[in-house]
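Trainee: Mind looking over this structure? Questions follow.
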Amino acid sequence: GQNIDQPTEMTATEGAIVQINCTYQTSGFNGLFWYQQHAGEAPTFLSYNVLDGLEEKGRFSSFLSRSKGYSYLLLKELQMKDSASYLCAHSGTYKYIFGTGTRLKVLA
Amino acid sequence: NAGVMQNPRHLVRRRGQEARLRCSPMKGHSHVYWYRQLPEEGLKFMVYLQKENIIDESGMPKERFSAEFPKEGPSILRIQQVVRGDSAAYFCASSPAGGGTEAFFGQGTRLTVV
């Protein structure tokens with residue numbers, strides 16, 4: 110099967126660090142993606158991991174362990190504008206399968 | 015380079031009417047994906063198309079829904095005889111190749127069935 114699990118909601122404080130976990134099961138694997146989606150808007154690309162390890166991009170980092178079927182998105186120095194849904198997705202041979210998303214609320 | 019263009023942004027249909035949603039992929043992209051999203055939920059895969067071909071329609075209801083991506087023109091998602099349960103946001107994404115590259119999303123079409 111093709112399953113993706115991530116927490117439904119998380120809350121964090123402005124300036125803090127938050128880690129959003131994602132576990133997945135897939136018969137074919139061609140990469141793990143993270144997207145950000147603000148309410149009422151389109152998803153926007155954040156990161157892509159195809160090899161094990163950590164990819165850093167500014168305040169955002171993403172980690173992948175293929176053997177464990179596990180990824181996380183790390184957000185540092187949280188800002189109010191980071192309040193959004195964060196979608197984990199894996200791609201097999203061609204299509205992208207998304208999790209239900211994690212709604213992150215950043216509190217002042 | 016324009017992004018993925020979807021139209022209309024909002025569409026209201028009465029029960030029993032037809033809804034046609036259009037998606038023009040980014041320039042140079044030949045892979046198109048349609049997703050459906052209910053409020054507070056994730057993106058549910060519907061169909062994957064390349065030019066003139068449906069590659070995977072495993073997420074699309076067997077009745078009333080169809081999709082195409084002609085040689086010329088945008089991809090079309092067509093919903094016949096709409097029902098209230100079809101009300102959702104429909105997002106289109108495109109990529110230059112399948113799977114291992116970033117997919118870019120359009121702004122979505124919000125369909126309301128009254």
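From first to last, the protein sequence lines stand for chains L and U.
Count along the first sequence from 1, then add 109; that gives the number in this note's numbering.
Count along the second sequence from 1, then add 14; that gives the number in this note's numbering.
Every residue gets a Cβ at the ideal spot worked out from N, C-alpha and C, and that includes glycine.
1. For chain L, check one thing: does any of its Cβ atoms lie closer than 7 Å to the Cβ of residue 59 of chain U?
2. In chain L, which residues lie less than 7 Å from residue 117 of chain U when you measure between Cβ atoms?
3. For residue 86 of chain U and residue 46 of chain U, what's the separation of their Cα atoms in angstroms?
4. At the 7 Å Cβ level, is residue 120 of chain L part of the contact set with chain B, yes or no?
5. With burial defined as no fewer than 16 other Cβ atoms inside 10 Å of the residue's Cβ, what is the status of residue 85 of chain L: buried or exposed?
6. Name the chain U residues that come within less than 7 Å of residue 209 of chain L, Cβ to Cβ?
7. Kindly list, in the order they appear in chain U, the residues whose Cβ is closer than 8 Å to that of residue 162 of chain L.
8. Does residue 100 of chain U come out as helix, strand or coil in the three-state DSSP assignment?
9. So with Cβ pairs under 7 Å, would you call residue 42 of chain U a contact of chain L?
Mentor: Working from what's here:
1. yes
2. 205
3. 14 Å
4. Among the chains of the structure shown, chain B does not appear; the protein chains present are L and U.
5. Only positions 110 to 217 of chain L appear in the structure, and residue 85 of chain L is not among them; the question remains open.
6. 55 and 56
7. Here the premise fails: no neighbours, minimum Cβ distance about 17 Å.
8. helix
9. no
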